[in-house]
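Protein sequences, first through last, are from chains A and B. For the first sequence, the positions run 1 to 518 when our numbering is used. For the second sequence, the positions run 1001 to 1142 when our numbering is used. Cβ atoms here follow ideal geometry from the backbone N, Cα and C, with glycine treated the same way.
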Amino acid sequence: MTIIKISDDALARAAGADALAAAFEKKGHEVHRTSSWGMQWLEPLVEVDGKGFGPATLDDVDAILDGSSDKAIGIIEEHPWISSQTRLTFARAGKTRPLSLEDYEASGGWSGLKRARTLGGEAICKEVLDSGLRGRGGAGFPTGIKWETVRKAAGPQKYIVCNADEGDSGTFADRMAMEGDPFALIEGMAIAGEAVGASQGYIYLRSEYPDAHRKLNAALKLCEDIIAPFKCEVRLGAGAYVCGEETSLLNSLEGKRGEVRAKPPLPALEGFLGKPTVVNNVLSLAAVPHILQEGGAAAYAERGMDRSKGTMPIQLAGNIKYGGLYEVPFGITLGELVNEIGGGTATGRPVKAVQVGGPLGAYIHPDQFDIPFDYEAFTAADALIGHAGVTVFDDTADMGAMAHFAMEFCAEESCGKCTPCRIGAVRGQEIIERIRKGGRQRDTLELAPQMHNTKKDEGRSAGEEIGLLTDLCETMKFGSLCALGGFTPYPVMSALKHWPEDFVSNPEVVEQALDAAE
Amino acid sequence: MSSKQEKIGEIIAEHIHREGPLLPILNDIQAELGCVDAETEAQIAEALNLTRADVHGVVSFYHDYKSEADPRPVVQICRAEACKARGVEKLIGDANAAAGERVKIQTVYCLGLCSAGPAARTGDDLHIRLDSQSVTKLIENA
């Protein structure tokens, strides 16, 4: 009897892992349902004695068992896609059973929490600060400073809130962390509780992740006594993208409309129910147990570049040949990620555009592929890392349509609290439609002689509409309360700038209009 | 008291002691009854000492809550960027044709399966690498 490892990650299950596992069990083998290695193009991936076979189907079962399968990829750990990574947050990926306390402890689990309990709050915050860990949700704010602020805040009741509302398209690292290593997230939250003096944690999970919901609930039950006196609970969202914004998340958690709050006051001082609250992304919290191990902070800070320390679990998605989870230190270039590691597009056509950072991230042209993965370098290039989702598009993509979709998405998901986002997004869609139609002519009503106040000229040219769009985007960028309205201009303007031919027949019009707007 | 009111009362009682009980209550009611209608809103408002307007404001804010139950099976199809990059838009015509009036096709933005789209969800089951044929089959079996 051989032990067979097959992932029970949602993506593997969607690819047929459950039926495959049942087939191996039927043949009398013991099947361990582990987390996923993250090589998603190979899912469902079957592991026998360290060797991988994928993507496996029911027809491959016999061949895998007698070693004659043509789906063999060799030893998984030595596969270049895995061996070239530095896995800290995802150290257990592919190796352990997500809900096995035994596996978790055997792989160093709870040692961070045990050590944290001997250190005291101030020292924990200092170690997290020294590690250089920055918020992995997108904003990149130093986690140590946030914790220290909450620690120093007065009040007997404080909270740890985990932002697991991973709504950005092209991102799935939170999902994989929660499904594959739920105890690591819980340990990170318990350490945060220890650091700031909070006894209650909440995980705000999006409703689109049923597998993660089930696993987190099961994991919390299993480790109740280990994390005590810290208590933690999962709260399910209800399909609002904007609730990934921290203040809107807090409102939602309180049972209100998920509208954004103006800052200040910072959630660190007045957060959930007005109490000091740490709000951290799943990946930030899941990185903490490693950092709190003996020497962990220094080891973390050694990696990365400039002010972006440590590793980033990058998600290769969209039209990509080898998609999945790729954790590496900061500093890798976008070109390496897309062309070398990702193998270009899945369709085999040339790469046209890459969107980094979800629906609010800029579309990056292959000419800019030398940008290193670093918070500051991306900002300098008018782009953002966000949650490190990399979505690849081939040359059939219509970037004008994608720019329109960015506005459409913003309008659909806007919380409605601030005007630039609520109304700007709708106007943005209309302007993009008009640009693509070549401008706007005066309508019959405007031209009627009775309408004394309307202009009777030719209307607006595409160029003038582009001027309007630029203006609107400026207003949204600087006038919106949160990143939804504030960052929607990134995909819109980057698409317009790099692919003017997808908006108008004469690309020079765009160039002239953009120059004039500056 | 009708059985519906009793059921709602049970759900409220289960969550009312929690911090921020409204969303857990609404989630359970939506799952149990398929909708959160005006009558239900009034009952929740009464129990939580909120105004009906407060409760309605919350219910109408979130995509997951429906004001009327729809008995049809639902197939959620992701149409966010990553699935668009993998050609989901080309499947929508076939999906709608297969669905007709019998199945409800719902657009969602991201199921977290972004390297293996186009992706869809039926109940708690997820489906990936969809093409014209498999999406049609999925909807016909929904």
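Who are the neighbours of residue i on chain B, taking C-beta pairs under 7 angstroms?
| i | result |
| --- | --- |
| Q85(A) | Chain B residues near Q85(A): none, gap ~16 angstroms exceeds 7 angstroms. |
| V392(A) | A1085 |
| N319(A) | A1085 and R1086 |
| S169(A) | A1080, E1081, A1082, Y1109, C1110 and C1114 |
| D285(A) | Contrary to the premise, residue 285(A) reads as Leu rather than Asp in this sequence. Residues of chain B passing the Cβ test: none, with the nearest at roughly 18 angstroms. |
| S252(A) | L1023 |
| A218(A) | Near A218(A) there are no residues of chain B at all, since even the closest Cβ is about 15 angstroms away, more than 7 angstroms. |
Can you list the residues of chain B that residue i reaches, using a CB-CB cut of under 8 angstroms?
| i | result |
| --- | --- |
| W41(A) | S1115 and A1116 |
| Q535(A) | Because residue 535(A) is not part of the residues shown, which for chain A are 1 to 518, the question remains open. |
Counting C-beta neighbours from all protein chains within 10 Å, is the total for residue i 16 or more, i.e. buried, or is it exposed?
| i | result |
| --- | --- |
| I341(A) | buried |
| Q1005(B) | exposed |
| E43(A) | buried |
| E1041(B) | buried |
| G478(A) | Sequence inspection shows Phe at residue 478(A); the Gly mentioned does not correspond to that position. With fewer than 16 Cβ atoms within 10 Å of its Cβ, F478(A) is classed as exposed. |
| L447(A) | exposed |
| D225(A) | exposed |
| I3(A) | exposed |
| G67(A) | exposed |
| K221(A) | exposed |
| N281(A) | buried |
| A1116(B) | buried |
| T444(A) | exposed |
| G135(A) | buried |
| G94(A) | buried |
| G348(A) | exposed |
| T118(A) | exposed |
| D1125(B) | exposed |
| S84(A) | exposed |
| G485(A) | buried |
From what residue to what residue does the beta strand (DSSP E) around residue i run?
| i | result |
| --- | --- |
| R1018(B) | Note, R1018(B): premise wrong, no beta strand (DSSP E); not H, not E. |
| Q1106(B) | K1104 to V1108 |
| M189(A) | Element bounds for M189(A): not the beta strand (DSSP E) but the alpha helix (DSSP H), P182 to V196. |
| G244(A) | Counting along the chain, G244(A) falls outside any beta strand (DSSP E), and DSSP gives it neither H nor E. |
| Y159(A) | Y159 to A164 |
| S451(A) | Ser is not the amino acid found at residue 451(A); the sequence shown has Met there. Unbroken run through M451(A): none, as it is neither H nor E. |
| S7(A) | I3 to S7 |
| E327(A) | G324 to P329 |
| Y1065(B) | Taken as a continuous stretch (DSSP letters only), Y1065(B) belongs to no beta strand (DSSP E), as it is neither H nor E. |
Under 7 angstroms Cβ-Cβ, which residues of chain A neighbour residue i?
| i | result |
| --- | --- |
| P1021(B) | G255 |
Determine the chain A residues that contact residue i at a beta-carbon separation under 8 angstroms, and present them in chain order.
| i | result |
| --- | --- |
| H1063(B) | A238, G239 and A240 |
| N1027(B) | S207, L236 and A238 |
| C1024(B) | Checking the displayed sequence, the identity of residue 1024(B) turns out to be Pro instead of Cys. Those within 8 angstroms of P1024(B) in chain A are R235 and L236. |
Using a Cβ-based criterion (distance less than 8 angstroms to any ligand heavy atom), does residue i qualify as near the ligand HEM?
| i | result |
| --- | --- |
| G138(A) | Summarising the ligand content, the structure contains no ligands, and the ligand HEM is consequently not present. |
Locate the alpha helix (DSSP H) running through residue i, then write down its first and last residues.
| i | result |
| --- | --- |
| H404(A) | M399 to E413 |
| A106(A) | L101 to A106 |
| S494(A) | P489 to H498 |
| F1061(B) | R1052 to F1061 |
| D225(A) | E224 to I227 |
| K1084(B) | E1081 to A1085 |
| R115(A) | S111 to L119 |
| T419(A) | T419 to R422 |
| Y375(A) | Y375 to A380 |
| R13(A) | A10 to A14 |
Mind listing the chain B neighbours of residue i? Cutoff is C-beta to C-beta under 9 angstroms, in chain order.
| i | result |
| --- | --- |
| A10(A) | L1111, G1112, L1113 and L1126 |
| L273(A) | E1019 and G1020 |
| E166(A) | C1110 and G1112 |
| R13(A) | D1125 and L1126 |
| Q355(A) | E1081, A1082 and A1085 |
| G135(A) | What G135(A) touches in chain B: nothing, since even the nearest Cβ is about 20 angstroms away. |
| P359(A) | A1080, E1081, Y1109 and C1110 |
- Message: Count Cβ pairs between the stretch 74-85 of chain A and the stretch 7-18 of chain A that sit closer than 8 angstroms; are there 3 or more?
- Response: no
- With a cut-off of 8 angstroms, do at least 3 Cβ pairs link the stretch 200-215 of chain A to the stretch 302-319 of chain A? no
- Is the number of C-beta pairs between the stretch 429-442 of chain A and the stretch 1009-1016 of chain B that are closer than 8 angstroms three or more? no
- Task: Pair every Cβ in the stretch 416-432 of chain A with every Cβ in the stretch 469-483 of chain A, then say whether three or more of these pairs are closer than 8 angstroms.
- Result: yes
- Task: Assess, as a yes-or-no matter, whether the stretch 77-85 of chain A is touched by the stretch 177-194 of chain A under the definition of 3 or more beta carbon pairs within less than 8 angstroms.
- Result: no
- Task: Scan the stretch 1039-1066 of chain B for residues whose Cβ lies nearer than 7 angstroms to a Cβ of chain A and list them as they occur along the chain.
- Result: G1057, V1058, F1061, Y1062, H1063, D1064 and Y1065
- Item | Near-chain B residues of the stretch 408-425 of chain A - C-beta to any C-beta below 9 angstroms | F409, E412, E413, C415 and G416
- Task: Pair every Cβ in the stretch 316-332 of chain A with every Cβ in the stretch 368-377 of chain A, then say whether three or more of these pairs are closer than 8 angstroms.
- Result: yes
- Task: Give the residues from the stretch 35-67 of chain A that approach chain B closer than 8 angstroms (Cβ to any Cβ), ordered along the chain.
- Result: The stretch 35-67 of chain A vs chain B, Cβ under 8 angstroms: Q40, W41 and E43.
- Is the stretch 236-243 of chain A touching the stretch 495-508 of chain A, taking contact as three or more C-beta pairs under 8 angstroms? no
- contact_flag[the stretch 1074-1088 of chain B, the stretch 133-152 of chain A] where n(CB pairs < 8 angstroms) is 3 or more: Because the criterion of three Cβ pairs below 8 angstroms is not met, the stretch 1074-1088 of chain B and the stretch 133-152 of chain A do not touch.
- Query: Three or more beta-carbon pairs under 8 angstroms between the stretch 92-108 of chain A and the stretch 243-250 of chain A, yes or no?
  - Reply: Here the stretch 92-108 of chain A does not lie against the stretch 243-250 of chain A, with fewer than 3 beta-carbon pairs under 8 angstroms apart.
- Message: For the structure I just gave you, are there three or more beta carbon pairs, one from the stretch 359-366 of chain A and one from the stretch 452-463 of chain A, closer than 8 angstroms?
- Response: no
- Item | Within 7 angstroms of chain D by C-beta, residues of the stretch 126-156 of chain A in sequence order | The chain labelled as chain D is not found among the protein chains of the depicted structure, namely A and B.
- Against chain B: residues of the stretch 431-455 of chain A by CB proximity under 9 angstroms: The residues in question: there are none.
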